[in-house]
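7 is the number of the first residue of the sequence shown in my numbering; add one for each residue after it. Down below is the structure, laid out as structure tokens.
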Amino acid sequence: MKNIVTVLLVGGILYSCTKNNSSKKETKADLKIEEESSVATAPLKADNDSEKDKKESTVSSAFSIKQIVESYLPLKNALTKDDSKTASSEAKKLYSVLKKQDISKLSPEVKDILESAAENAEHIGEKSDDIAHQREHLLSLSNDITDLIKEKGTDGLKLYQDFCPMYNNGKGGTWISESEEIVNPYEGQKMINCGSIKKVL
């Protein structure tokens with residue numbers, strides 16, 4: 007009888023020990039699998055995020071004449087107020103808009119105009135303390151915008167091409183305006199209403 011009880015006790019102890027060990031092994035194995043899966047997925051997520059960011063930063067927006075003109079107008083308007091600082095910050099915004107345009111389906115002529123416009127916007131952006139220099143580049147930029155409108159239309163915007171006969175040593179200068187009222191960006195507050203509408207676009 008003693009022998010049977012001893013065997014049962016020993017058997018019970020051995021059974022519980024092996025059960026605990028096997029459950030510990032399973033737990034360790036489960037933890038190991040979880041760690042491996044989290045390590046395996048973490049870099050993939052990071053890689054995917056960085057690839058997504060790269061794609062977003064390099065994706066060009068579809069070409070939009072409306073977007074370009076609407077970015078040009080605040081720059082022009084800042085110069086009507088003799089505000090070179092605002093003109094500079096608006097020029098930087100316009101430069102960014104010009105550089106994001108999708109040029110893949112554009113003609114070589116339009117690509118050249120966009121390149122020239124971006125260069126002029128960049129010059130205006132860099133010279134926040136030199137309004138005369140900004141106005142020189144506004145003249146070239148306005149010609150670029152006019153050329154773009156000739157090639158691509160106005161996309162529903164009602165615009166005016168205005169002309170100041172006094173600017174540029176009497177050679178004159180044109181600009182694009184959203185208003186029938188003459189508000190001169192070349193002479194600013196000195197001769198704010200100098201000029202006339204040359205063309206309705």
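For every residue, glycine included, the Cβ atom is placed at its ideal position computed from N, Cα and C.
Rounded to whole angstroms, K164 and E121 show a C-alpha spacing of 25 Å. A contact between stretches requires three or more CB pairs, one per stretch, nearer than 8 Å, and the region 190-200 meets this requirement with the region 160-174. For I203, no alpha helix (DSSP H) segment is defined; the enclosing uninterrupted segment is the beta strand (DSSP E) at S202 to V206. Taken atom to atom, the span from the alpha-carbon of D89 to that of I151 is near 21 Å. Under the DSSP assignment, Q73 falls in the alpha helix (DSSP H) whose first and last residues are I71 to T86.
Under DSSP, Y166 forms a beta bridge with S183 and V206. Boundaries of the alpha helix (DSSP H) harbouring P114: P114 to E132, taken from the DSSP string. DSSP places Y192 in no alpha helix (DSSP H); its state is neither H nor E. Note that the region 195-206 does not touch the region 136-151; fewer than 3 beta-carbon pairs, one per stretch, sit closer than 8 Å. For A68, no alpha helix (DSSP H) encloses it, and the DSSP letter there is neither H nor E.
The Cβ neighbour count for N126, taken over all protein chains shown within 10 Å, is at least 16; the residue is labelled buried.
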